[in-house]
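Reviewing the structure listed below.
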Amino acid sequence: MTNGSEKSSSYLSMGYLNQQGALINTDFNRVTARANLDGRPNKIIDFGLHLAGAYSWAKNSDAIGGFYMNNIVDQALLMDPREPVYNADGSYNNYIGGDNKIFGFPNPVQRLMEEQHKQYKTNLTANAYIEIKPSQNFSFRTNLNGMFDGTREHNFTPSDIAGVNNAPPRLASGSEYFYNNMNYGMDNLLT
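Structural data, given as C-alpha cells:
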C-alpha cells in the first residue's frame, strides 16, 4: 500500500510464506512487514522513518543441515536401501543395517516423525532521519539506526531413536538455545 503527495510519502507492505519441506514433517513459515514514512513539511526540513521486521519458524529444519553423519539425508544415502522402514508389527525398524549393535543408522522416517527440531527467528530493523537545509549550500542530517536479531532453537531426541553405530535404547537428549543480538548507531553529517 502506498500513498504520496508533495509533502509526504508512505509505504506499507506485509507478506506471508508457508513452505512445506521436501521431506515429511518439515516446513518453513515467515511473516514480514515493512513501513516507510518520508515527509517534507517545508523547503528546509526532510524527515523519515523506515521499519522492517520478519518472524520465521521452521520444523525439522536441520534434516538436511547439521554435521556430517548427523543429518537425515546423509544417513539415508549411506544406509542399506533394502532394509524396511517398518517392522512386520508396524513399529519402526529403529536401527537400520545394524549387526551386533554396530554399523547401523537411525531410521530416517522415525527421526522425522519423532524428533523435535524447531527454530524461531526474529529480525527487526529501524532507521529514522531528519535533515535540515537552511540554505542551498549548507545541510545537517542526523540518522538513527537500530537492528535486533533473535533466534531460539528447541531440540529433543527420544531414547528410542538410534544413533550412528549406536542401537537404541539410549539416553534421550534435549536442548534449548537462545541467541539475541542488538546493534544501534547514530550518524551526524554536516555538509
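Take the sequence shown: its position 45, counting from 1, is numbered 210 in the numbering used here, and each next residue is one higher.
Ideal Cβ positions, reconstructed from N, Cα and C, are used throughout, including at glycine.
Query - Residue span of the alpha helix (DSSP H) that contains Ile237, given as start and end - result: As a working mapping, residue 237 is identified with position 72 in the sequence shown. Here the alpha helix (DSSP H) through Ile237 covers Ile237 to Leu243.
Query raised in the report: What do you reckon, are the CB atoms on Asn259 and Pro271 nearer than 8 Å?
Result: In the sequence shown, residue 259 corresponds to position 94, counting from 1. In the sequence shown, residue 271 corresponds to position 106, counting from 1. It is a contact, given that the beta carbons lie within the stated cut-off.
Query - Assumed close pair Asp277, Asn225 - CB separation to whole angstroms, cut-off 8 Å - result: Mapped onto the sequence shown, residue 277 falls at position 112. Mapped onto the sequence shown, residue 225 falls at position 60. Note on residue identity: the sequence assigns Leu, not Asp, to residue 277. Their Cβ separation, rounded to whole angstroms, is 6 Å, which keeps Leu277 and Asn225 in contact under 8 Å.
Query raised in the report: Nearest CA to the CA of Leu354: which residue from Phe305, Glu171, Asn288 and Gly218?
Result: To locate residue 354, count along the sequence shown from 1; it is residue 189. Of the listed residues, the one whose Cα sits closest to Leu354 is Phe305.
Query raised in the report: Taking 8 Å as the CB-CB limit, is Leu216 close to chain B?
Result: Structure shown: chain B not included; a single protein chain is present.
Query raised in the report: What three-state label does DSSP hand Gln281 in the structure shown?
Result: For the purposes of this step, residue 281 is identified with residue 116 of the sequence shown, where counting begins at 1. Look at Gln281 here: in three-state DSSP terms it is strand.
**Report entry** Ordered list of beta strand (DSSP E) runs contained in the region 197-225, each at least 3 residues
**Finding:** 210-224
Requested in this report: Count the other C-beta atoms from every protein chain shown that fall within 10 angstroms of the C-beta of Gln281, then say buried if there are 16 or more, exposed otherwise.
Outcome: Start at 1 with the first residue of the sequence shown, and residue 281 comes out as number 116. Exposed.
**Report entry** Alpha carbon of Gly350 to alpha carbon of Lys172, nearest angstrom
**Finding:** Numbered from 1 along the sequence shown, position 185 holds the residue referred to as residue 350. Numbered from 1 along the sequence shown, position 7 holds the residue referred to as residue 172. Roughly 27 Å separates the two Cα atoms.
Query - Supposed close pair Ser221, Phe193 - CB separation, criterion 8 Å - result: Numbered from its first residue, the sequence shown carries residue 221 at position 56. Numbered from its first residue, the sequence shown carries residue 193 at position 28. Yes, Ser221 and Phe193 are in contact; Cβ-Cβ is about 7 Å, under 8 Å.
Query raised in the report: How would you label Thr167, buried or exposed, when you count the other beta carbons within 10 angstroms and need 16 or more for buried?
Result: Reading the sequence shown from its first residue, position 2 is the one you call residue 167. Thr167 should be labelled exposed.
Requested in this report: Taking 8 Å as the cut-off, decide whether the C-beta atoms of Asn162 and Asn292 are in contact.
Outcome: There is simply no residue 162 to check, as the chain begins at 166 and stops at 356 in what is shown.
Query raised in the report: How would you write the range of the beta strand (DSSP E) that Arg306 sits in, first residue to last?
Result: Here residue 306 refers to the residue found at position 141 of the sequence shown. From DSSP, the beta strand (DSSP E) with Arg306 extends over Phe303 to Thr322.
Requested in this report: Indicate the three-state DSSP secondary structure (helix, strand or coil) for Arg247 in the structure shown.
Outcome: Counting from 1 along the sequence shown, the entry for residue 247 is found at position 82. Here Arg247 sits in coil by DSSP.
Query - Whole-number beta carbon distance between Leu177 and Ala200, since they are thought to touch under 8 Å - result: Counted from its first residue, the sequence shown places residue 200 at position 35. Counted from its first residue, the sequence shown places residue 177 at position 12. The C-beta distance from Ala200 to Leu177 rounds to 5 Å, short enough to fall under 8 Å.
Query raised in the report: For Phe343, which of Gly180, Tyr285 and Glu296 has the nearest alpha-carbon?
Result: Indexing the sequence shown from 1 puts residue 343 at position 178. Measuring from the Cα of Phe343, the nearest candidate turns out to be Tyr285.
Report task. Work out the CA separation of Leu214 and Val274 for me, nearest whole Å. Result -> As a working mapping, residue 274 is identified with position 109 in the sequence shown. As a working mapping, residue 214 is identified with position 49 in the sequence shown. So the alpha carbons of these two residues sit roughly 48 Å apart.
Report task. Check whether the Cβ atoms of Ile189 and Lys298 sit closer than 8 Å, and answer yes or no. Result -> Position 24 of the sequence shown, counting from 1, holds the residue named residue 189. Position 133 of the sequence shown, counting from 1, holds the residue named residue 298. Result no, Cβ atoms of Ile189 and Lys298 do not sit closer than 8 Å.
Report task. Can you have a look at Ile261 and say buried or exposed, based on whether 16 or more other CB atoms are within 10 angstroms of its CB? Result -> The residue you call residue 261 lines up with position 96 of the sequence shown. Ile261 should be labelled buried.
Query raised in the report: Which stretch, first to last residue, makes up the beta strand (DSSP E) that contains Ser178?
Result: For the purposes of this step, residue 178 is taken as the residue at position 13 of the sequence shown. Unbroken beta strand (DSSP E) run through Ser178: Ser173 to Gln185.
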